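Residue numbers (my numbering): 2 to 148.
These notes are about the structure you will find just below.
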């Protein structure tokens, strides 16, 4: 059974964010894995199965006032628990917040992440060509709206 909850445990947040299969795919320009520290003011949603963390959702307000969503599912749990964590996590986020929409930016390098976002209810609103300059990839900009 999957349990979704908020967490303030920055050790587990850091462990998930810096794990192999997650860290190297993040937009962490200028950050070092060994010295990375999560931003404590952000909202962290964790999914656990049998007491083991399977994924992490992060919500934070951008400088433009939007609520940005990031989702990380540990590689060893993606096939078995990824979809359920995403769907249950979205229900949890909507139930525990008052904002009406969230945004997400996904590199075109990750078409599988795009499919996951669409499954979670995000809709593509814009493509920014070559947004990730170092990689030369486009950015897909998505919005999920409260239903």
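In this text, a Cβ means the ideal position worked out from N, Cα and C, and glycines have one as well.
Remember, predicted model here, so these are calculated numbers, not experimental data.
Practice problem: Name the two residues that bound the continuous alpha helix (DSSP H) containing residue 89. | Solution: 79 to 96
Practice problem: Would you mind sorting residue 103 into buried or exposed? The rule is 16 or more other CB atoms within 10 Å of its CB. | Solution: buried
Practice problem: Check whether the stretch 48 to 55 touches the stretch 98 to 112, counting contact only when three or more Cβ pairs, one atom from each stretch, lie closer than 8 Å. | Solution: no
Quiz item: Do residue 132 and residue 145 come within 8 Å of each other at the CB atom, strictly closer than that value?
Solution: no
Quiz item: Per DSSP, what kind of secondary structure is residue 37 in: helix, strand or coil?
Solution: coil
Self-check item: Span separating the alpha-carbon of residue 105 from that of residue 60
Solution: 10 Å
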